[in-house]
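Peer 1: Please find one structure pasted underneath; my questions will follow.
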Amino acid sequence: MKPTPIRESVTTIGHDGTRRFLQPALIFGSWWRARRAVAWLLIAFFAALPWIEIDGFPAVFLDVEHRHFHLLGTMMGLGDIWLLFFVITGWGFLIYATTALLGRIWCGWACPQTVYLEHVFRVVDRLFEGDHVSRAKLDDQPWSAPNKMLRRGARAFAYLVLCWAVAHIFLAYFISIPGLYPMITDAPLAHPAAFVAMAIATGLLFFNFWWFREQLCLIVCPYGRLQSALIDDDSVIVGYDEKRGEPHGKAAPGIPTGDCVDCRRCVQVCPTGIDIRHGLQMECIACTACVDACDDVMTKLKRPTGLVRYASLRELNGGKTRFLRPRTVLYAALLVIGLIVASIAVLRVQPAAFKLSRPPQTELYALSEASVANVFRAKIQNKDEIPRRFFISAESPATKVTVLNQSVGMVIAPLTEITLPLTLLVDRQDYRGEFNFMLRLRSEDGEISLLQKAHFIGPDPRTLKQ
Ligand code: SF4
Ligand code: SF4
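Start counting the sequence shown at 18; every next residue gets the next number (the numbering used here).
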């Protein structure tokens, strides 16, 4: 028998710690239709991104092997990894702002776990195993029952194919579609690393969608736990109008009841197995299934819909929702500032990178009859898809510094990084002791110009003159 949800324990875990599998009923309501449309748009977007080319590269291509990251036409190298700071903090502020305003709208509408589970894998469940009643009956049958073996086996196969497809699309973000194609057509052992990555991704997806399911939201995802800190009485959540619904129960002469007829339809459709009438709960992913279910019941009873609806706790208690609040203004302001700074930072990403270091195990300086020499190690990355000729020169107003072997510069192939030794000379007669200076890397066409600070090391000039 399906357990009755209580606030004190998770519905999916029995008293003895065993897992209880939920078989939520499907409700074709207006919210469900809208969520399905959004889900399919998101899935189409996820599948299309690796196919869309901008400036000759996929719109999103995280080429970890060569340490190139293509994002909507901008190419970034490992040296630009600090930009991730903006992505992570921006994402954080976006989540903070939307949660403060609209509760867990992300979970219900856009989280990949909900999108794939509700709109792909549960569709497969219904296709092979029927509605929630048939699925629950199948759960109770032994595996030796031919009906269960056949239906669940076919469903498992469909899951595997879908997980395999999703894993391949995911892999395409890292190796691109042209890179993925030979890996699909060649024998697995021809690309063992990619095969293992794909097999692990398929296995994890299968485990998650076949067995783990809502447990990811209930016991793994930290966002549900964060909601108590992020929302307040004015955040719009999926809530039950207790004032209108209580006391719940079937109408009977002489017994005053609210609009809730205790049909438990809202519980039957809940993918996390909770009863929304118990108030706001960590397990609620704001999927709106209970809204559709209750609206359907109210429509049939010819009562106004909205007994369960999107509303703030303040509104459910008879007040008016305040959208402009210090926390929403602060989160939104931080988000906007972060977006502006991130846009400027991305626009300033150069199509080359230039780094300096000292080669290990070399003398700090060398002396000859005419000069003092310092050796550096220069790392230059051409992030462009065309070969470029680069030159390195020293900028030192006080002391003349000569960079050796830079008369013809060096040509660096597209998307390539080179490391080369750089010898810098200062004439003895010009040398006045250690000093700071700048090294400039510039491309032949003048499009790229990057500066690096350097320090010239040498002996005490007084000892040099002796
Ligand atoms: S679906 Fe509506 S009427 Fe039925 S139990 Fe839930 S809240 Fe009450
Ligand atoms: S309580 Fe309602 S909105 Fe929350 S998870 Fe359950 S069905 Fe979805």
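Idealized CB from N, CA, C, for every residue including glycine.
(1) What whole-angstrom Cβ distance do Y176 and V141 have, given they're in contact under 8 Å?
(2) Where does H83 fall in DSSP's three states?
(3) Nearest CA to the CA of D17: which residue from S385, I409, L437 and T35?
(4) Does the beta carbon of A359 fall short of 7 Å from some heavy atom of ligand 2?
(5) Using DSSP with H/G/I as helix, E/B as strand and the rest coil, what is N164?
(6) My output table needs one value for T316: the three-state DSSP class, helix, strand or coil.
(7) Decide if K400 is buried, meaning its Cβ has at least 16 other Cβ atoms within 10 Å, or exposed.
(8) To the nearest angstrom, how far is it from the Cα of L101 to the Cα of A362?
(9) When you compare the CB positions of R339 and D251, do they come within less than 8 Å of one another, or not?
(10) Please list, in chain order, all residues of the same chain as F38 whose beta carbon is under 7 Å from its beta carbon, the five residues on each side excluded.
(11) Any heavy atom of ligand 2 closer than 7 Å to the beta-carbon of I248?
(12) Quick check on DSSP: helix, strand or coil for A76?
(13) Where does N334 sit, in a helix, a strand or coil, going by DSSP?
(14) So, V308 versus V325, is the Cβ gap smaller than 8 Å?
(15) Taking Cβ positions, are R52 and T305 nearer each other than 8 Å?
(16) Spell out the partners DSSP gives D444 in its beta bridges.
(17) Going by C-alpha distance, which of H265, L118 and A127 is nearest A246?
(18) H185 by DSSP, collapsed to three states: which one?
(19) Less than 6 Å between C-beta atoms, sequence neighbours within five positions excluded: which residues of the same chain meet that for C277?
(20) Can you give me the C-alpha to C-alpha distance between F393 and R479, rounded to a whole angstrom?
(21) Can you list, in chain order, the residues of its chain whose CB lies under 6 Å from that of D80, leaving out five sequence neighbours each side?
(22) Which value, in whole angstroms, describes the spacing of the CA atoms of I69 and V183?
(23) Within a Cβ cutoff of 7 Å, which residues of the same chain sit near M93, ignoring the five residues on either side of it in sequence?
(24) Entirely within the segment 213–295 and at least 3 residues each: give me those beta strand (DSSP E) ranges in chain order.
(25) Residues bridged to T21 by DSSP?
(26) So is H472 buried or exposed if we call it buried at 16+ other beta carbons inside 10 Å?
(27) Mapping DSSP to helix, strand and coil, what is S413?
(28) Enumerate in chain order the residues of its own chain whose CB-to-CB distance from R168 is below 6 Å, with the five nearest sequence positions on each side excluded.
(29) In the DSSP output, what is H472 paired with across the bridge?
(30) On the DSSP letters alone, give me the boundaries of the alpha helix (DSSP H) that K154 sits inside.
(31) Under the rule that 16 or more other beta-carbon atoms within 10 Å means buried, what is S26, buried or exposed?
(32) If you check the beta carbons only, do I474 and N391 fall under 8 Å apart?
(33) How long is the line joining the alpha carbons of K470 and F454, rounded to whole angstroms?
(34) Going by beta-carbon coordinates alone, are F187 and A216 separated by less than 8 Å?
(35) So the candidates are E451, W227 and A387; which of them puts its Cα closest to the Cα of T416?
(36) Whose CA, out of H185, C238, L206 and R84, lies closest to the CA of L197?
Peer 2: Considering the structure as presented:
(1) As a position in the sequence shown, residue 176 is number 159, starting the count at 1. As a position in the sequence shown, residue 141 is number 124, starting the count at 1. 7 Å between Cβ atoms; contact.
(2) In the sequence shown, residue 83 corresponds to position 66, counting from 1. If DSSP states are grouped into helix, strand and coil, H83 belongs with coil.
(3) Outside the shown range of the chain (18 to 483) lies residue 17, about which nothing can therefore be said.
(4) Taking the sequence shown and counting its residues from 1, one reaches residue 359 at position 342. Proximity of the beta carbon of A359 to ligand 2 is not indicated: no heavy atom of the ligand is located closer than 7 Å.
(5) Counting from 1 along the sequence shown, the entry for residue 164 is found at position 147. Helix, per DSSP.
(6) Counting from 1 along the sequence shown, the entry for residue 316 is found at position 299. Residue state, collapsed to three classes: helix.
(7) The residue labelled residue 400 in the question sits at position 383 within the sequence shown. The residue in question, K400, is buried, as its Cβ has 16 or more Cβ neighbours within 10 Å.
(8) Here the question's residue 101 lines up with position 84 in the sequence shown. Here the question's residue 362 lines up with position 345 in the sequence shown. C-alpha separation (whole angstroms): 11 Å.
(9) Residue numbering aside, residue 339 sits at position 322 when the sequence shown is read from its first letter. Residue numbering aside, residue 251 sits at position 234 when the sequence shown is read from its first letter. Yes, the Cβ-Cβ distance between R339 and D251 is below 8 Å.
(10) Counting from 1 along the sequence shown, the entry for residue 38 is found at position 21. Only D156 meet the Cβ criterion.
(11) Taking the sequence shown and counting its residues from 1, one reaches residue 248 at position 231. Because no heavy atom of ligand 2 lies under 7 Å away, the Cβ of I248 does not count as near it: no.
(12) To locate residue 76, count along the sequence shown from 1; it is residue 59. Shown here, A76 sits in coil according to DSSP, grouped into three states, outside any helix or strand.
(13) The residue given as residue 334 occupies position 317 in the sequence shown. Note: N334 maps to coil in three-state DSSP.
(14) Your numbering for residue 308 matches position 291 in the sequence shown. Your numbering for residue 325 matches position 308 in the sequence shown. Going by C-beta atoms, V308 is nearer than 8 Å to V325.
(15) What you label residue 52 is simply residue 35 of the sequence shown in a count that begins at 1. What you label residue 305 is simply residue 288 of the sequence shown in a count that begins at 1. Yes. Within cutoff.
(16) Taking the sequence shown and counting its residues from 1, one reaches residue 444 at position 427. Answer is S388, bridged to D444.
(17) Counted from its first residue, the sequence shown places residue 246 at position 229. Here the closest residue by C-alpha is L118.
(18) As a position in the sequence shown, residue 185 is number 168, starting the count at 1. Helix.
(19) Walking along the sequence shown from the start, residue 277 turns up at place 260. G262 and H265, listed in sequence order.
(20) Position 376 of the sequence shown, counted from the first residue, corresponds to residue 393. Position 462 of the sequence shown, counted from the first residue, corresponds to residue 479. Approximately 25 Å, taken between the alpha carbons.
(21) Looking up residue 80 in the sequence shown gives position 63. Cβ within range, chain order: n/a, list empty.
(22) If you number the sequence shown from 1, residue 69 lands on position 52. If you number the sequence shown from 1, residue 183 lands on position 166. Cα to Cα, the separation comes out at about 17 Å.
(23) Along the sequence shown, read from residue 1 onward, the residue named residue 93 stands at position 76. The residues are F86, L100 and V366.
(24) As far as the segment 213–295 is concerned, its whole beta strand (DSSP E) runs of at least 3 residues are 253–257.
(25) Numbered from 1 along the sequence shown, position 4 holds the residue referred to as residue 21. Partner(s): none; T21 has no beta bridge.
(26) Reading the sequence shown from its first residue, position 455 is the one you call residue 472. Answer is exposed; the Cβ neighbour count stays below 16.
(27) As a first step, residue 413 is located in the sequence shown; it is residue number 396 there, counting from the start. DSSP places S413 in the coil class of the three-state scheme, outside both helix and strand.
(28) Within the sequence shown, numbered from 1, the residue matching residue 168 stands at position 151. These residues qualify, in order along the chain: F145 and E146.
(29) The sequence position of residue 472 within the sequence shown is 455, counting from 1. BP columns for H472 point to N453.
(30) Walking along the sequence shown from the start, residue 154 turns up at place 137. Segment H149 to D157, the alpha helix (DSSP H) holding K154.
(31) On the sequence shown, residue 26 is found 9 positions in, with the first residue counted as 1. Exposed: under 16 other Cβ atoms inside 10 Å.
(32) Against the sequence shown, residue 474 aligns to sequence position 457. Against the sequence shown, residue 391 aligns to sequence position 374. Their beta carbons are under 8 Å apart, which means I474 touches N391 by this criterion.
(33) Working through the sequence shown from its first residue, we reach residue 470 at position 453. Working through the sequence shown from its first residue, we reach residue 454 at position 437. Whole-angstrom Cα-Cα distance: 6 Å.
(34) In the sequence shown, residue 187 corresponds to position 170, counting from 1. In the sequence shown, residue 216 corresponds to position 199, counting from 1. Not closer than 8 Å, so no.
(35) Stepping through the sequence shown from its first residue, residue 416 is reached at position 399. Per the Cα distances, E451.
(36) Numbered from its first residue, the sequence shown carries residue 197 at position 180. For the options H185, C238, L206 and R84, the alpha carbon positioned closest to that of L197 is the one of H185.
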